[in-house]
Amino acid sequence: MPDPRSNMIHSSRSSFTLNEGPGLDPEAQSLKSHPEHLQFLTKPTFKQRLRHFTWAWYTLTMSTGGLALLLASQPYQFSGLPQIGLAVYIFNLVLFATVCSLMISRFAIHGGLVDSIRHEREGLFFPTFWLSVATIITGLYRYFGSNNTLTLYSNGNEPSRGFLLALEVLFWLYCFCTLIVAVLQYSFVFSTHSYGLQTMMPSWILPAFPVMLSGTIASVIAETQPTRSCIPILTAGLTFQGLGFSISIFMYAHYIGRLMESGLPNREHRPGMFICVGPPAFTALALIGMAQGLPDNFHLGAAPTQHPSAAIVPDSHILELLAVTAGAFLWALSFWFFSIAFIAVIRAPPKAFHLNWWAMVFPNTGFTLATITLGKAMSSNGVKGVASAMSICIICMWIFVAVNHVKAVWTGEIMWPGKDEDVNE
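Take the sequence shown: its letter number 106 is residue 106 in UniProt numbering, and every next letter is one higher.
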């Protein structure tokens, strides 16, 4: 086993970085400027390592929650799959509680909560907490409110009114909190930090990601909501999905410009390129799901008058057709970003583990879910088969990243002075 202390000073950069140069936190800087202290260097205690437990750890829980959603959405089910998915969902709840406990312990022992959110690099990962919450809310319906899984039904095939009301309240709270995050965090970044466009990375999109997933949540929970709640939820979901995706499009312009001018990122940061796969994929998923969640007799405005012999197609059917068309359009954009990132990582894979490796799971999970949704909407067995193969790849990637994550903690590649997102450039 390699000695992590040997790499303590000259450490590699961590995940989704913004600038290309190496960075050392104050502890490592002190050791570098006072080499005589090296003789007293000892392995950091768990309490000392906890100082470097950053917001980026929520990439673990958002990816695991996404995996649970993927298992619940499979086009081809087999006996026991819902139970496996439920086990993954519960496991993610345990992980989420553990990460939250460790984050609270970090700030209780070392302080710096506000500074962590304001940090030029670590602060960009604060939204991953809300992405984890989004997967938990969506999974709550998938595993306890859907008629093909373990349900909380009061009668027949309808979830209990209390359960539906709880989902509605959670949805509106999520929309409110993530809108605040999208506005305040970007306002703070614009007024405080200065990032060079030549070092632009997709992590700049992260503050807009949670509010965008409001549409994804709406597309899942709206189908069983009463009409008085369904339409407002879908309207808010469409609005916030459009907001998040529009911000992402603006960021894409800078990102592609950076690639044209400065080339691909350092090999250690290339897994973060998969973040760009997420916005178009989740938007395709949300648009189709929200259109399918509309009441069958839905009409924009007042219902049209019709001749007794005339047949009028409900607006919900027309909107669903438009949503599938737009979904296929966005799926292609997501596939293009996936291909660029995939080739970049294959050509120069990272040598050390960073938490940005989870970007190879969560955004691609959204891409796979969008493929499943398109396959179901088009009733295409071929597309469903491709989506099933993609799902197997996502499961394998989750296992691969999780194993390396545990190994990195054990060997000191992360949660170590100078090696995490809290490093000062």
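We put the beta carbon where it would ideally sit given N, CA and C, even for glycine.
In this text the structure is predicted, and so the values were computed from the model without any measurement.
Quiz item: What is the DSSP secondary structure of P207, counted as helix, strand or coil?
Solution: Helix at P207.
Quiz item: Going by the CB atoms, is the gap between L67 and T365 shorter than 8 Å?
Solution: Judged by their CB atoms, T365 and L67 are nearer to each other than the 8 Å cut-off.
Quiz item: In angstroms, rounded to a whole number, what distance separates the CA positions of L184 and V383?
Solution: Distance between the alpha carbons of L184 and V383 is about 40 Å.
Self-check item: Assigned exposure category for G263 - 16 Cβ within 10 Å defines buried
Solution: By the neighbour-count rule (16 or more Cβ atoms within 10 Å), G263 is not buried but exposed.
Quiz item: Helix, strand or coil for P350 per DSSP?
Solution: Coil, per DSSP.
Quiz item: Going by other Cβ atoms of all chains shown within 10 Å of its Cβ, with 16 needed for buried, is residue 430 buried or exposed?
Solution: The requested residue 430 is not part of the displayed model; the chain covers only 1 to 425.
Self-check item: Cβ contact (3+ pairs, closer than 8 Å) linking the region 277-293 and the region 316-333
Solution: With the cut-off at 8 Å, the region 277-293 and the region 316-333 touch.
Exercise. Report yes if the C-beta distance between V361 and I414 is below 8 Å; otherwise report no.
Key: No, these two residues do not count as a Cβ contact at 8 Å.
Exercise. Measure the C-alpha to C-alpha separation of S214 and F171 and round it to an integer number of angstroms.
Key: Taking the straight line from one Cα to the other gives about 7 Å.
Quiz item: For K407, does the count of other Cβ atoms within 10 angstroms reach 16, so buried, or fall short, so exposed?
Solution: Counting Cβ neighbours within 10 Å, K407 comes out exposed, since fewer than 16 surround it.
Practice problem: Give a yes or no on whether the C-beta atoms belonging to Q225 and E268 are separated by under 8 Å. | Solution: Their beta carbons are not under 8 Å apart, which means Q225 does not touch E268 by this criterion.
Exercise. Counting only the same chain and skipping the five closest in sequence on each side, list residues whose C-beta sits under 6 Å from that of R270.
Key: The residues are A344, V345.
Practice problem: Would you kindly report the start and end of the unbroken alpha helix (DSSP H) that includes V88? | Solution: Run containing V88: 81-110, per the alpha helix (DSSP H) assignment.
Exercise. Evaluate contact between the region 138-145 and the region 197-211, counting only Cβ atoms and requiring at least three cross-stretch pairs below 8 Å.
Key: With the cut-off at 8 Å, the region 138-145 and the region 197-211 do not touch.
Quiz item: Around the C-beta of F176, are 16 or more other C-beta atoms found within 10 angstroms, so that it is buried, or is it exposed?
Solution: Exposed is the call here.
Quiz prompt | Given V181 as reference, the closest of T216, L164, F209, S191 once Cα atoms are compared | solution = That would be F209, whose Cα lies nearest to the Cα of V181.
Quiz item: Is the beta carbon of T283 sitting closer than 8 Å to the one on Q241?
Solution: In this structure, Q241 lies closer than 8 Å to T283 by Cβ.
Quiz item: Taking the C-alpha atoms as reference points, what is the distance between V211 and I249?
Solution: Distance between the alpha carbons of V211 and I249: 15 Å.
Exercise. Output yes or no for whether 8 Å exceeds the beta carbon distance between L95 and L60.
Key: With respect to L60, L95 sits close: the two C-beta atoms are nearer than 8 Å.
Quiz item: On the three-state DSSP scale, how would you describe L70?
Solution: L70 falls in the helix class under three-state DSSP.
Self-check item: Own chain residues within Cβ distance below 7 Å of M62, not counting five before or after
Solution: Contacts found: T128, L131, S132, T135, F362.
Quiz item: What residue does the alpha helix (DSSP H) around D115 start on, and which one ends it?
Solution: Where D115 is concerned, the enclosing alpha helix (DSSP H) stretches over 113-118.
Practice problem: Within the region 324-389, note down every full alpha helix (DSSP H) run reaching 4 residues or more, in order along the chain. | Solution: Restricting attention to alpha helix (DSSP H) runs no shorter than 4 residues, the region 324-389 encloses them at 362-378, ordered along the chain.
Self-check item: Beta-carbon proximity of S334 to A286, cut-off 8 Å
Solution: No, they are not a contact pair.
Quiz prompt | Inter-residue CB distance, A56 and L355 (contact presumed, cutoff 8 Å) | solution = The beta-carbon separation of A56 and L355, rounded to 4 Å, stays under the 8 Å limit for a contact.
Practice problem: Quick one: grab the DSSP three-state call for E268. | Solution: For E268, the secondary structure class from DSSP, reduced to helix, strand or coil, is helix.
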